[in-house]
Each structure stands twice: as C-alpha cells, then as structure tokens.
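Going line by line, the protein sequences match chains R and F. For the first sequence, numbering that gives the first Met the number 0 begins at 0 and goes up steadily by one. For the second sequence, numbering that gives the first Met the number 0 begins at 0 and goes up steadily by one. The beta carbon of each residue, even a glycine, is placed where N, CA and C say it ideally should be. Notes to accompany the following structure.
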Amino acid sequence: MVISKQTSPYDYDVVIIGGGPSGTTVASLVRKYNPALRVLILEKEKFPRDHVGESQLPGCSMVLHEMGAWDKVEAQNFPVKIGASYTWGRDNDSWEFDFFPVDQYEDRPRPDKYQGQRLSTAFQVDRAVYDEILLRHSEELGAEVREQTRVNEVMHEDGRVTGLKLSDGSTVTAKHYVDASGHHSIIRRSLGVPVWTPKALQNIAVWNYYQNEKWGEKIGVGATRVQVRSIPWGWMWFIPLGPTRTSVGLVTPAEHYKSTGKTPEQLYHDSLPVDPTLRELMVGAVAEGPVQSTKDWSFLSDYITGPNWFLVGEAVGFADPVLAAGMNIAHNSAKDLACTILEIERGEVEADWLKQRYNDRTRLNVKQHIQFAEFWYAANGCFTDLREHCQNIAKESGLSLSPQEAWAWLSQGGFVTELPGHAELGSFDLGLTKSLIELFGEDGKPLDFEIDKNNVFDLDLEGAVAVRQGYPEKGRIRIARGFQRGDKTLLVHNFFLLAFTALMQSKDLDKIMQHMRATLSASGVKPDQMNAFFHQGMMALEAMIAEGWVKASLDRTKPTLQRRSTGTVLLSSKEWQPHADARTKTVAGGKGMS
Amino acid sequence: MSQAAHAEAIRALQGGDFRAAEQHCRTALESNPDDPGALNTLAVILSRTGRLRDACLVLERMVAADGSNPLVKFNLGSILQRLGRHRHAAEMLASALETHPDIAEAHTGLARSLNALGHHAEAAEAAERALWINAGHAPALLEMARAERMGGQPASARDRVAGAVEWESVSARDRARLLVELGRAHDALGAYDDAFDSFERACAVRAESPEFKRLNPQVHQMLIRSLGDWAQPGCAADWPASWAKAPSKDDPAFIVGFLRSGTTLLERIVGSHPRLATTDEALAIPKILGEIGLKSLTTALPQIHRIRALELQRVYSQFLRQTLADDLPDDARVVDKLALNIINLPIIRRVFAGSKVIVALRDPRDVVMSCLMQPWDANFTSVRFRDAGSIAQVYSEVMGLWTRYREVLGLDYAEVRYEQLVSDTEGESRRVIGFLGEAWDDDVLAYRTGAGDRMATTPGAEAVARPVYDSSIGRWKRYAHRMGPAIDAVAPFVASFGYETA
C-alpha cells in the first residue's frame, strides 16, 4: 500500500528518534524497499560526534551490505576484524576465536568487495566517521535528516504516541514512531515502560582513544583481532580503529570503583599497565583527550512495541561490551524492525502478530546476551561452567547444542543473525562451529555428526502440529511454515525445505544427497556455489536429526559419508594448486598440509 | 551438414562402431574444423581406440583455443592420467574444478593423480570432496583409502574400505578394487591372514564382473600350449641371426618378463638413458601378431622371410610412431617394454632377428603374491587369476615357455633379477646398459625424476615413482602358510632361477 502525502493524516510515515546505527539502518532499509514512505530522522547532535562501541561482528557486515553501505564503510579503510583474543579468569588462559582462519586470510588490496573471505569479517570502526557515513547514506536514500534537533516531549494518549515536540518549537506526527535514541530511550521513559536491571552487571566503563605510530607496523588495517584482557578488578579492551589509533577501555564493578575512592581517571591509569600484553602495546601511545566513562548500562525493557511505536537498538536494552555484540544487535534488530514496518504497511499480515514477533525475538536476543554476560562475570574464568551455562541459554533459543558448541555460538554473536532455514548459529553455521570447537577443543577429538555415523534417515513428524514463524528478508517478514512438537520447532523453509523435500523422496543418504543436488541445480544454483549450498542442506539434515525430526540409523550395505573431519575443508573453493609453495594455504580450518 | 555428421558420429559411437564414428566425425570437422562438440567426440573415439596421445593432442588444442569448458579439461585430465602424466593431469583437473567443483569424477581423478605423485594428504582431501558430492562413489573412496594407507594411516584406510566393500550399490569391478585395497591395508597392519582372504576374495569378485566374464580364459592357455608344443629343440635352428648384413645398434630391444617381475622398473631405468626410448606398454608386437594371424602363428613363423620381416618391421615402426608421437625422438633407440611379450619371443626372434632381449626375473613366490595383490583390469592373462594357486599355474606355464625359449630360440638375452636391481641399482643398471651396447650415462640413476610426468601406466609405476625399496622382497614369507599349493607349483622355477628354496 502506497501512502501519498495528500491523503495521509501524518507528517511522515516513519519518524526515527536518533541518528545512530540502529536509526539509520531502519531509515535506509525502509527507504530502500519502499521509497514511497516518508522517513524523518531526528538527531540531537551535529555529526560527526564521538561515540563508544567500536567493535563489530560479521553479522553487522551483512546488514551494511543490504543497506548498500558496506562499500562506503570499506572505503574508510577501517581495520578488518577477523576475531577476538581473550584472556580471562583465574588462569589467564588465552582463548582466540576467529571468524575466518587467520592463516588463510589474504591481505588483499583495499577497498575490497563484500565477497569471499570478507563475508566472514567485521570492522572495527571509528564511530564518529562510521555513524556519519550511515546518516548521510540514509539521506541519499531519501530519508530526511534533521541534526541538532532534540525531542523535547513525546505526546501520548493511552499508550499511543500522538506527536513529538521538537527543540525548534515544531511538532511532527507519524504513522510509526521509532525510538533509536539509545540507552536513555526517550519514548520508553515518556511512556513509563518498566525495565529489568540485572544485579550482577553493575559495572563502570572508562575509556580513551590513543595514537601510536608504532601500531602502524604491528596492527595495520589488515586482519586484526580485538584484545580482551582480564585484570584482577575487571577487564580491558584494546580495539584498533585505524593503523595508529585505538580505543582502550576498562570495565570494573561499580562496587570496586566506589571502594577504591579513586576517580575514574585514576583507576583507569592504574589499570593500563596491569596486563603485560597491553602494557607493551601502550608504550609510546598518546591519549587524544580526557578519559570518558559510563555506568549502569545493563537493562532490558519489559516491552518494546506499542500501538504505533517501537524501540530499537540500545533503547531495547544492553548486555555488556565484553561480547562486542551491541552493534550487532543494533543493526540486526533495526533490520528486523524495518522489515516489520514495511510488512505492516503492506497490510497482508496481521500487524499485531508482526509487532509481537518483533517484541519477542528482539527482547530474547538481548536477554540471552545479558544472561551470558552475567555468567561471564560470575564465573570469572571457570571455563567449563561457563560453557554449560551457554548450553542452557542456547536451549532457551530452541537449540540443542553441546556446551562447547553453545560457547562457540555465543562467543561469535549468537542469536541475532540466525535465520530459519539456515542451520546456522550466530555468525557460524553448524559445521563451522563444530570445526571451530574441534580446533580449540580440549582433547582435540573430532565431534560426532549424525550424518557421518548413519546412512538411513527417516522423517518423523508424529505428534507434530503445523506452525508459522516470521523472519526478516529483503524488506519483508517472510512466513516460514513448519511443525511444532513439544519445545521443538521445525521450519520447513530454505535449506530445511531442501532437506525435507529430499527426505520425502528417499531415506538413503546417497539418494538424499542426489536429490538435494538435483534440486539446487534445478533452482539455478551455479556449479561453483553448489557445494556451499549443499553443505547448508546437509547441516539442516544434521540439525533435524539433533532436534528429533529425523530418525537416523545405519545400514551397513549402503554408503556412508566419508568425511575425515567436520572442518571447513568442504567449503573451501580452492583446489589443488600445481605449485608446491602455494599448496600450504589450501586447507581451511588452520590445518597444514604436507 | 556438420551437425548432421556429428550426430551420426555420436550414434555410431554409441553403437560401438568406432570406425564409422571417426569417419563421420572427420566429415563434420571438414566443414567446421573448430566445432568443439565434434572435436570432443573425436577425442573420445581416439581414446576409446587406444590412441591416447592423439586424443590428448586434440583436447590440448581445444583447451588452448578456449579454456572455459570444464568438461574438455576433465577429459584431457583423464587422458593425461591414463598416459601416466599425473602432474599435468592434476593441473588440468584442478583447473576444471575451479569453475565446476561439483564433478565428483574430477575430484576423484585429481585424488588419483595426487596419490600417484605422492601428495597423499591432498589426495585424501580431493577424494573427500568427491564423496561429499556422491557418497556412493566407490572410486573416490578407494583413492581416499589409498591416500590414508600410503600416508601412514592404514587402520583408517582399512576401516573405511571394510565398510564400503559391503555396499550393495558397488559394481563387481569396484568391489574387487576395494577388496585389494582392504588387503593392502591389512598387509600394512601385519594382519596377513585377513589380507590374504581379502586378496582371494577380490579375485573371486573380479571373476564375476562383466568385464572378466566377457573374456575366455582358455585363449591364453591354448596359445601357450601351442607355442610350447612348437618350441622344440631345432625349431629355430635355421633362423638367421640377423636380416641385415650386420646387426644394427638401432634395432629395437625388448624388455619382457612375467607380470610383477620388475619390468616397469627396468623400463624406467633404461628409458632414462639419453639414447634409449621406451614404449610404455605400446602394443606394437601384438599389432604384428594381428598381421600374422594368431591361429596360424606357429605355422606362419618359419615362412617369414627377409622381405616379409622387413615389412613387419615397418608396420612395427609405423605403429610406434603413430602411438608414441613426440615421445619417440628420431635419434633414440627403441626399447620395447611389454611384460607378456615373453610369450611372443618367437615372433620377436623371427622378425627382429638379432635383437637384444632383457628378461626380468623375480622370486616366483613374490611374483605370485604380488599378482594376487593387484587390482587387475581384464586381459587374457588376468582373467585366469582366480586365486594364488591359479596365478602360480599361469606363472608356471609362461615361465616354462621362457625356459624352453632360452634353450631353443638362439636369443641374445640377459636375465635381470629384480632383487639384484633393488640391492645394487647402479651395478645392475650398468650391466643392462652395457648389454644394450650403450655407453654409461649418469642420467640413468636419476630415473625417478621422470616418474609422474610421463609413462607410468602399469601397476608397477606407483612403486617405481618412490625410491627403490626392498619391502616387497620376500613378502611371500609372511603368506607362506596360506600359499602351499602355489609354492609347490612354482618350486621348479625357484630352483631354476637360483632362488633360495627354503
């Protein structure tokens, strides 16, 4: 449904309070998919302006690409993030998690394209630059932007927003109001939406930005990892933002801060030399300005939608910087909201159901991150317990994962990017996650895959009832239909549809594989993409077995899969190269070759 | 016109009429010489009719003209592989897979070449990719198991193949190959009884394959019998020692022996000499046999006189030039290696009077065991291999002929023992080169560097590509308790060839 200005009783279709990443993501995607909708962004500051929260996850890149802004961000030459390096807890063990195997990362000329290895990377961004790129991008897509325009009053009646009084004295009305104003969330406060504050996360963060010429040699703008270093009274972050610029921060319990009687600045400077790695990195570094601080950031709104308003990004809630998930949640929940608004405008699906879906899903994402952060601090390095806790969180998301799998899933972002139809866990699919765990696993033993151990797969839908679930895709909330039995849901969509259809044709592994490939081929999948798609189909089958939708058994007279590892080798597009020295880089997963 | 002729060619090809298929194909190419479809079909016809080098040239020209068709690259890779040019084959297959990584057969081919080149870790990965495309692709599983066994993981290879030999979907030919691989894995693990059972089961399964059933095992037996009957004292007494006024250094020489007796190693060593060119199993003598007629062979032999002999020599040379093309330099002397030409020595002696013959010998018990361990393709000899005992029987018949021939044919021959060649490679090589009348050249000892790039099409090639090893000497002792009748059958040759009888 297209609304023309002449017939609409509102000044705008969508008014967004806040010009940060979540606000500009909503604006860009709404305009991209429906240029007829009139979108206004109200931003109290004049951009560019500094902002904390620099580190991203690969899930952000996906959204940036969809917005059409990835190339603009890439053009800024921000450091590419391929993972994170953690030390934590009693033993100060070092744990490293890579989105992309570091030994395979090719230092390609930049600006690069959003393809190949870059699909698995994230950025570390200077928010002053980054936020302005996105704000201008929204403008280019046709959103109206008013900077230095504060919302002085949210007018409302019976939970419905009736207009916004602005600092310039004007009032604007809209069909949909989006609160992307961050932690302080103006609509939430005006309407008195209660929030839940986790007791375990009463922390204070103190940070500053530094310049250091020598980082140009060590860090550069190629593949970098964020450093998270544990210290006795909290932890430090070290996030490269450019060849010679970093953000360095301290997070410490508010109680500790009070007990020392020190100023945040004193505490910060006492903390800088504690970790030997950071101490070495900081030699010769020059602070750009005074330290900045914030506290009490963990909360979750009890509800995030109303009759004509939505909260998005940090206005919904925030867990903790330790996971670097804030930007990921912001971009992805904003994408979800844009699709929700666009779908409401189409009028084909009940608006209440769409709002409830957005409310439930987005709140769950934040809540799970809060739980994870809570335990992270409480466990303080008791790694096994931490992983078991992750398993419980994953279970809440309807995923049956081993503790190790759940840990990898959460550590890489979890929750926010999984789509129905993809056997995908956060930024990683099931196979990659398992291979990651194998690489970092304590005993080095390969993990079991049911598809490796069995070759007869019997679909089992007994006692299941039909259900539907929505997911955001290309400006729509698509409806995936499927089955529910107990606490398990099977959405017959995308790669699960691929596996489901093949299972309807045959129970035998080799026939199922043939059906999947034939279906993909008939769908126009190019040969060079076939294995990646097929891999997803097989992972969907694995997930269906794990969730009890498929009964797996072994018939010794039939072929079984002969994978030697669960690693990423099968996804590698590289083949044997004739030159001996080039061969050392052909295996994904960090394993060398003879 | 071109399309119609090409369609005819395909029909003829499908009907098995290669001659007509080739004619139609060439007609199609007359009007459109660059028609990729017709060129590819021609290459297929050439390869099916044994003209691998010609097929290779056609496909190489196609790839050079347009490198975007992965199937042409795949075909070329397969032919290069059959020619033993594994490095080039691997490059071509890898190139095809760059754009079309969903061809299981190409991954398998790549794995095969990588295994031949000794890159077992990479071979296993290529095979893994093939199996990810087609879980039931037995040749890929075979290459993965070979990669594991040769890469030092025989237990893993054993477990993998032990499961696959029970798959219902596997053809008899592939099942036999898998059983051989299973036996080799057991052998590597020291489980000799299990290994022996696997090898014999492979023989039994192979015998039931359509390829083996098509061949009549009696043909070979009857030929040997008739040659044996003919080869009596005095049968060649009046044959001239040479058809020329004097024996020429440029006459071909021949390497013969029973299967698995070290002829491939000998060929490689001899072929590394700059003056000598080997023929890689080219069927040149069988070509002459075809000219003479197999049935009347023994009666035809005495009737071959100078003119006929020179004519047959021309047929022989022409055939070699056609089939070996660039691999046969003008200034090199031909050393024709085809192991089982050992039964054809009367023809060689009659047509190439005065030619030198090198006979490869190996402990007959090791020969029997080694033959039992091979994944044979169907031929008139292998079709008689039903178990260790039958292999020993064939050995006795063939080598019985040899012991007769060396008495009655008046051959200029040298016997070379595999064991001696392995333990004193340089000394024995010098003796062989000297016997052929050539001066020693140090290139001969670099014979292994040629492996992988050319001429490695027989079962022995894989072993030759590795450093000379002696692990295969005396292997029979581990199986002696299972080889009873076979050992008895070859016992006379053990003594006759001077091997320890205990």
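Pick from R:Glu461, R:Pro110 and R:Glu472 that is closest to R:Val62, judged by C-alpha positions:
R:Glu472
Determine whether the Cβ of F:Arg157 lies closer than 8 Å to any Cβ atom of chain R.
No, because no Cβ of chain R sits closer than 8 Å to the Cβ of F:Arg157.
How many angstroms separate the CA atom of R:Gly18 from the CA atom of R:Trp308?
17 Å
On the CB-based measure, 16 or more other CB atoms within 10 Å of its CB, does R:Trp214 come out buried or exposed?
Under this definition R:Trp214 is a buried residue.
C-alpha gap between R:Glu417 and R:Gly58, whole angstroms:
Residue placement at R:Glu417 is flagged as unreliable, the pLDDT there being 43, under the threshold of 50; the coordinate-derived value follows with that caveat. Between R:Glu417 and R:Gly58, the C-alpha separation is close to 9 Å.
Looking only at C-alpha atoms, which of F:Ala161, F:Ala64, F:Gln321 and F:Val255 sits nearest to F:Leu400?
F:Val255
Which of helix, strand or coil does DSSP assign to R:His155?
Three-state result, R:His155: strand.
Taking just the CA atoms, how far does F:Leu92 sit from F:His99?
10 Å
Rounded to the nearest angstrom, how far is the Cβ of R:His492 from that of R:Ala479, given a contact under 8 Å?
4 Å
Chain A contact residues for F:Thr98, given Cβ-Cβ distances below 8 Å:
Looking at the structure shown, chain A is missing, and the protein chains on hand are R and F.
With a threshold of 16 other CB atoms inside 10 Å of the CB of R:Lys198, please say whether the residue is buried or exposed.
exposed
Taking one C-beta from the stretch 19-28 of chain R and one from the stretch 145-165 of chain R each time, how about it: are there three or more such pairs within less than 8 Å?
no
Unbroken stretches of the alpha helix (DSSP H), 4 residues or longer, contained in the stretch 492-567 of chain R:
493-504, 508-521 and 526-545
Do F:His272 and F:Asp440 have their CB atoms nearer than 8 Å?
yes
Nearest-angstrom Cα separation, counted from R:Met512 out to R:Thr86
Rounded to whole angstroms, R:Thr86 to R:Met512 spans 42 Å at the Cα level.
Nearest-angstrom Cα distance between R:Tyr208 and R:Trp352?
44 Å
In chain order, which continuous runs of the beta strand (DSSP E) of length 3 or greater are located wholly inside the stretch 73-138 of chain R?
Listed in chain order, they are 79-87 and 92-97.
Express the C-alpha separation of R:Gln468 and R:Pro419 in angstroms, rounding to a whole number.
Below a pLDDT of 50, predicted positions are generally treated as unreliable, and R:Pro419, at 44, falls in that range; no measurement from the model is reported.
Compute the Euclidean distance between the alpha carbons of F:His219 and F:Glu427, then round it to the nearest angstrom.
32 Å
Three-state secondary structure assigned by DSSP to F:Pro374:
coil
Secondary structure of R:Leu271, DSSP reduced to three states:
Of the three classes helix, strand and coil, the one that applies to R:Leu271 here is coil, per DSSP.
Own chain, CB closer than 8 Å to F:Ser495, minus 5 neighbours either side, in chain order:
Thr402
Proximal chain F residues relative to R:Thr559, where beta-carbon distance stays under 8 Å
Those within 8 Å of R:Thr559 in chain F are Ala134 and Gly162.
Say whether chain F places a C-beta atom closer than 8 Å to the C-beta of R:Leu497.
no
The stretch 163-178 of chain F: which residues have C-beta closer than 9 Å to a C-beta of chain R, in chain order?
Within the stretch 163-178 of chain F, the residues whose Cβ lies closer than 9 Å to some Cβ of chain R are Ala163, Glu165, Trp166, Glu167, Ser168 and Val169, listed in chain order.
Element boundaries [beta strand (DSSP E), containing R:Asp12]:
Tyr11 to Ile16
Range covered by the beta strand (DSSP E) that runs through R:Asn207
Where R:Asn207 is concerned, the enclosing beta strand (DSSP E) starts and stops at Asn202 to Gln210.
Which ranges would you report for the beta strand (DSSP E) in the stretch 254-313 of chain F if only whole runs of at least 3 residues count?
Runs found: 275-277.
Compare the beta carbon distance of R:Ala337 and R:Leu28 with 8 Å and say whether it is the shorter of the two.
Yes, Cβ-Cβ distance for R:Ala337 and R:Leu28 is below 8 Å.
Can you name, in chain order, every residue of its own chain whose Cβ lies under 8 Å from the Cβ of R:His50, other than the five neighbours on each side?
Annotation for R:His50: Gly19, Arg126, Ala127 and Asp130 place their beta carbon closer than 8 Å to its own, counting only its chain and skipping 5 residues before and after.
Quick one: grab the DSSP three-state call for F:Asp186.
helix
Decide if F:Lys336 is buried, meaning its Cβ has at least 16 other Cβ atoms within 10 Å, or exposed.
F:Lys336 should be labelled buried.
Does F:Leu226 come out as helix, strand or coil in the three-state DSSP assignment?
helix
Do the CB positions of R:Leu299 and R:Ile186 come within less than 8 Å of each other?
Result no, Cβ atoms of R:Leu299 and R:Ile186 do not sit closer than 8 Å.
Interface flag, F:Ala123 vs chain R, CB-CB below 8 Å:
By this cut-off, F:Ala123 is an interface position.
Who are the Cβ neighbours of F:Phe73 in its own chain at under 6 Å, not counting the five residues just before and after it?
Ala95 and Ala105
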